[in-house]
Amino acid sequence: MSEEQLTWTRLEQLGLSITSRQAPASGWGYTWRSSQWEGPYATPIAAVEAAFARAIGLTVISGA
Numbered sequence: 091m092s093e094e095q096l097t098w099t100r101l102e103q104l105g106l107s108i109t110s111r112q113a114p115a116s117g118w119g120y121t122w123r124s125s126q127w128e129g130p131y132a133t134p135i136a137a138v139e140a141a142f143a144r145a146i147g148l149t150v151i152s153g154a
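Count along the sequence shown starting at 1, add 90, and that's the number in this note's numbering.
Structure representation (structure tokens):
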């Protein structure tokens with residue numbers, strides 16, 4: 091397994107899924123566990139960045 095594949099596998103184990111809408115031209119998005127799809131973002135990496143920015147923001151807001 092390549093390092094890139096391993097990274098995506100680890101993200102999936104954390105509960106993060108990065109997917110495109112019906113067609114990749116519609117953009118990329120993310121879901122944490124079984125939450126609603128958030129997007130669209132221009133690239134899969136942009137979706138990952140947004141997912142973690144939101145997770146960090148929610149952690150700060152909740153005081154965890």
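Note that the Cβ used here is the ideal one computed from N, Cα and C, for glycine as well.
First and last residue of the uninterrupted beta strand (DSSP E) at residue i
i    : result
W122 : 118-122
Proximity winner among the options, relative to residue i (alpha-carbon distances)
i    : options                : result
P134 : V150, R111, R123, I151 : R111
Residues bridged to residue i (per DSSP)
i    : result
I108 : Y120
E128 : Y120
Segment limits, alpha helix (DSSP H) that includes residue i
i   : result
T99 : 93-103
DSSP three-state assignment for residue i, whether helix, strand or coil
i    : result
T149 : helix
Residue i burial status per 10 Å Cβ neighbour count (16 or more: buried)
i    : result
I108 : buried
W127 : exposed
G129 : buried
G119 : buried
A141 : buried
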